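2 protein chains.
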Amino acid sequence: MSYFLGIDGGGTGCRAAIADGSGRIIGEGASGPANISTDVKTACANILAAARAALEQAGRGHVDELTAVLGLAGANVTAAALSLQSMLPFRRTRIVTDAVTAATGALGADDGIVAAMGTGSVFAVQIGSEMRQYGGRGFLLGDEGSGAVLGRALLSEALRAEDGFVPMSPLLQAVLDELGGIEGVISFGLRARPAEFAIFAPRIVAGGDPAAERLFDSAVAEIRAMIDTLQAGRDLPVVFLGGLGAHYAHRLQGLWPIRAPKGSGLDGALHLARQEV
Amino acid sequence: MSYFLGIDGGGTGCRAAIADGSGRIIGEGASGPANISTDVKTACANILAAARAALEQAGRGHVDELTAVLGLAGANVTAAALSLQSMLPFRRTRIVTDAVTAATGALGADDGIVAAMGTGSVFAVQIGSEMRQYGGRGFLLGDEGSGAVLGRALLSEALRAEDGFVPMSPLLQAVLDELGGIEGVISFGLRARPAEFAIFAPRIVAGGDPAAERLFDSAVAEIRAMIDTLQAGRDLPVVFLGGLGAHYAHRLQGLWPIRAPKGSGLDGALHLARQEV
Numbered sequence: 001m002s003y004f005l006g007i008d009g010g011g012t013g014c015r016a017a018i019a020d021g022s023g024r025i026i027g028e029g030a031s032g033p034a035n036i037s038t039d040v041k042t043a044c045a046n047i048l049a050a051a052r053a054a055l056e057q058a059g060r061g062h063v064d065e066l067t068a069v070l071g072l073a074g075a076n077v078t079a080a081a082l083s084l085q086s087m088l089p090f091r092r093t094r095i096v097t098d099a100v101t102a103a104t105g106a107l108g109a110d111d112g113i114v115a116a117m118g119t120g121s122v123f124a125v126q127i128g129s130e131m132r133q134y135g136g137r138g139f140l141l142g143d144e145g146s147g148a149v150l151g152r153a154l155l156s157e158a159l160r161a162e163d164g165f166v167p168m169s170p171l172l173q174a175v176l177d178e179l180g181g182i183e184g185v186i187s188f189g190l191r192a193r194p195a196e197f198a199i200f201a202p203r204i205v206a207g208g209d210p211a212a213e214r215l216f217d218s219a220v221a222e223i224r225a226m227i228d229t230l231q232a233g234r235d236l237p238v239v240f241l242g243g244l245g246a247h248y249a250h251r252l253q254g255l256w257p258i259r260a261p262k263g264s265g266l267d268g269a270l271h272l273a274r275q276e277v
Numbered sequence: 001m002s003y004f005l006g007i008d009g010g011g012t013g014c015r016a017a018i019a020d021g022s023g024r025i026i027g028e029g030a031s032g033p034a035n036i037s038t039d040v041k042t043a044c045a046n047i048l049a050a051a052r053a054a055l056e057q058a059g060r061g062h063v064d065e066l067t068a069v070l071g072l073a074g075a076n077v078t079a080a081a082l083s084l085q086s087m088l089p090f091r092r093t094r095i096v097t098d099a100v101t102a103a104t105g106a107l108g109a110d111d112g113i114v115a116a117m118g119t120g121s122v123f124a125v126q127i128g129s130e131m132r133q134y135g136g137r138g139f140l141l142g143d144e145g146s147g148a149v150l151g152r153a154l155l156s157e158a159l160r161a162e163d164g165f166v167p168m169s170p171l172l173q174a175v176l177d178e179l180g181g182i183e184g185v186i187s188f189g190l191r192a193r194p195a196e197f198a199i200f201a202p203r204i205v206a207g208g209d210p211a212a213e214r215l216f217d218s219a220v221a222e223i224r225a226m227i228d229t230l231q232a233g234r235d236l237p238v239v240f241l242g243g244l245g246a247h248y249a250h251r252l253q254g255l256w257p258i259r260a261p262k263g264s265g266l267d268g269a270l271h272l273a274r275q276e277v
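Line by line, the protein sequences give chains L and R. Note that UniProt numbering has the first sequence beginning at 1, numbered continuously upward. Note that UniProt numbering has the second sequence beginning at 1, numbered continuously upward.
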């Protein structure tokens with residue numbers, strides 16, 4: 001009997017699901033953080049704990065019988081992925097980024113485009129059984145339209161408004177007041193991680209502030225152009241994921257078919273695991 | 001008899017000049033680095049060494065007779081400026097940023113706008129005896145049109161070109177090849193300081209590459225809009241400083257009177273020192 005393990009692991013937690021040969025989920029488990037670029041040993045322990053909990057719920061199967069696909073934050077760091085691979089006891093193990101399993105879960109077996117718009121941003125195109133990732137590339141040089149990049153743009157705009165280069169708005173003034181004026185904004189910028197810039201994103205996409213609307217309009221235009229490029233004249237369905245996904249979907253409706261995700265990243269990991277045999 | 005001391009100090013060295021009551025320079029000196037936010041004790045020692053060398057050349061005056069204005073990198077860090085102030089033996093001491101002395105030197109007593117376009121960027125407007133600084137704000141949130149920001153934009157564009165979002169160009173391909181492809185560009189971006197991003201600026205402003213021209217056109221339009229805002233309907237002369245200054249001056253000629261700088265940052269420091277009494 002074949003059993004399949006799907007893992008979806010990130011900076012906050014790790015989820016596991018076991019499926020039988022028919023694809024039916026027979027056990028699930030959860031544990032703590034599993035970002036392998038941060039701490040591979042802790043990630044490994046939490047992956048095993050989640051897998052064992054799922055096996056226990058299933059009441060059958062053993063770790064060395066599992067065909068496993070793990071979608072993990074930090075899996076783009078090749079050394080960390082190789083190190084984890086050597087530590088895992090599964091019969092067969094494939095490690096991919098959590099972006100790959102999220103996109104696979106969102107599309108299932110269908111052709112389509114996934115736009116994951118969270119703290120960062122990344123795109124994927126699936127045609128047939130081929131999936132390719134685009135964009136991402138991080139806070140400083142890429143992550144177009146992401147929450148962190150929108151937050152940074154808001155702080156820049158607040159500084160420009162304080163100098164009179166662009167009109168002041170209620171949100172820009174609020175940000176200046178909250179962070180302690182120009183000096184406060186600059187020192188926040190020097191120490192903040194991307195997730196801290198992204199804290200401002202909900203206030204940007206909420207609408208109602210002229211500066212926020214200008215910034216979000218510009219991001220929406222950029223993401224539209226990127227998806228048009230990925231469509232390459234086709235009319236593939238587009239699935240938006242992430243905390244800002246619904247806001248982009250709302251603004252871009254009517255351009256292409258926009259679909260809800262078929263399943264989660266955990267579903268995507270199980271889907272890929274069943275393709276392994 | 002009154003003597004005046006001007007100091008122009010930055011990360012690479014410190015220059016000093018002594019002038020008599022008529023404004024004539026009677027002695028000059030130089031020494032090592034004087035960035036007070038990096039190392040205030042070394043900066044203080046180098047400032048005193050340069051001042052003593054200038055006094056020696058002048059053959060008259062003593063440190064405790066000097067009215068001094070110091071234009072120093074890092075002087076925007078208030079704690080460092082106050083610490084240095086307490087360590088200096090001059091009769092009267094005023095510490096300002098090197099951007100202020102550079103702008104004062106460039107304009108002398110004239111009304112005008114200074115656009116300093118180097119690794120970073122900063123603007124100043126002088127009307128009557130009032131000078132105000134605008135922009136700057138650093139690599140992450142400001143420094144519009146600067147060499148470091150242009151270099152970062154080039155690396156972003158190279159990543160987008162590699163994904164097919166924008167057309168590849170010879171310069172973008174060269175940058176990808178030199179830095180080791182997508183992974184190399186991303187890891188360069190994560191470790192590079194602003195001055196390292198600025199290394200790419202001369203190739204961007206040189207012209208001849210379609211991607212570089214697009215990026216520089218966009219920066220020129222941004223700087224034009226910022227200077228138009230600072231003009232506020234006036235027709236003030238504009239002085240461009242810094243390594244990229246001549247490139248912006250060339251592209252923006254005919255819009256406002258563009259002038260060569262009247263003098264250096266050291267001239268600016270002496271000019272301000274004579275205004276102190």
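No residue lacks a Cβ here, since even glycine has one placed at the ideal position from N, Cα and C. Owing to the predicted nature of the structure, the values given are computational and were not obtained by experimental measurement.
| Asked | Found |
| --- | --- |
| Opening and closing residue of the beta strand (DSSP E) in which Asp-228(L) lies | Taken as a continuous stretch (DSSP letters only), Asp-228(L) belongs to no beta strand (DSSP E), being part of the alpha helix (DSSP H) at 210-231. |
| Members of the stretch 219-239 of chain R near chain A, C-beta cut-off 9 Å | Annotation note: the requested chain A is absent from the structure, which comprises protein chains L and R. |
| Test: Phe-200(R) CB closer than 7 Å to a CB of chain L | no |
| At least three beta-carbon pairs within less than 8 Å, the stretch 141-161 of chain L to the stretch 178-187 of chain L | yes |
| Residues near Asp-64(L) in its chain [Cβ-Cβ closer than 8 Å; skip 5 each side] | Pro-89, Phe-90 and Arg-91 |
| Cα-Cα separation, Gly-13(R) to Arg-214(L) | 44 Å |
| Reference Leu-150(L), options Met-131(L), Trp-256(L) and Leu-172(L), closest by Cα | Leu-172(L) |
| Cut-off 6 Å between Cβ atoms - residues of its own chain near Tyr-134(R), not counting five sequence neighbours on either side | Phe-123 |
| Cβ of Arg-203(R) within 7 Å of any chain L Cβ | no |
| Residue closest to Gly-35(L), alpha-carbon to alpha-carbon, out of Ser-83(L), Met-226(L) and Leu-230(L) | The residue you asked about is not Gly; residue 35(L) is Asn in the sequence shown. Checked all of Ser-83(L), Met-226(L) and Leu-230(L); the closest Cα to Asn-35(L) is Ser-83(L). |
| Straight-line gap, Val-96(L) to Gln-57(L) (C-alpha atoms, nearest Å) | 25 Å |
| Between the CA atoms of Gly-10(R) and Ile-223(R) - distance to the nearest angstrom | 25 Å |
| CB contact check: Ile-36(R) to chain L, cutoff 7 Å | no |
| Cβ-Cβ distance between Thr-229(R) and Phe-197(L) below 7 Å | no |
| Length-filtered (4 minimum) alpha helix (DSSP H) runs lying within the stretch 110-174 of chain L | 147-162 |
| Short Cβ contact (7 Å threshold) for Leu-66(R) with Tyr-3(R) | yes |
| Whole-Å CB distance - Ala-212(R) paired with Arg-203(R), under 8 Å assumed | 7 Å |
| Cβ-based contacts, 7 Å cut-off: residues of the stretch 121-147 of chain R near chain L | Tyr-134, Gly-135, Arg-137, Gly-138, Leu-140, Leu-141 and Gly-142 |
| CB contact check: Ile-186(L) to chain R, cutoff 7 Å | yes |
| Beta-bridge partners of Val-239(R), as assigned by DSSP | Val-114(R) and Arg-259(R) |
| Phe-165(L) at chain R interface by Cβ criterion, 7 Å | yes |
| Beta-carbon gap between Ile-258(L) and Ala-249(L) smaller than 7 Å | yes |
| Distance CB(Gln-126(L))-CB(Asp-143(L)) smaller than 7 Å | no |
| Through-space distance from Ala-148(R) to Met-87(R), alpha-carbon basis | 34 Å |
| Uninterrupted alpha helix (DSSP H) stretches inside the stretch 27-74 of chain L (no shorter than 4 residues) | 40-58 |
| The ligand FMN heavy atom lying under 6 Å from the CB of Gly-145(R) | This structure does not include the ligand FMN; it has no bound ligands of any sort. |
| Chain-order list of residues whose beta-carbon lies under 8 Å from that of Val-77(L) (same chain, five-residue window excluded) | Ile-36 and Ser-37 |
| Ala-54(L) and Gly-27(L) closer than 7 Å at C-beta | yes |
| Per DSSP, the bridge partner or partners of Asp-8(R) | Arg-15(R) and Gly-71(R) |
| Chain-ordered neighbours of Ser-156(R) on chain L, where CB pairs are closer than 7 Å | Leu-141 and Gly-142 |
| Min CB distance Gly-189(R) to chain L below 7 Å | yes |
| Which listed residue (Pro-194(R), Ile-25(R) and Gly-207(R)) has its alpha carbon closest to that of Ser-169(R) | Gly-207(R) |
| Partners in chain L for Arg-152(R), counting only beta-carbon separations shorter than 9 Å | Leu-140 and Leu-141 |
| Residue from Gly-61(R), Gly-128(R), Leu-176(R) and Phe-139(R) with nearest C-alpha to Ser-187(L) | Phe-139(R) |
| Listed by chain order, chain L residues near Leu-159(R) by CB distance under 8 Å | Arg-137, Leu-141 and Gly-142 |
| Residues near Gly-243(R) by beta carbon distance below 6 Å, same chain, minus five either side | Gly-118 |
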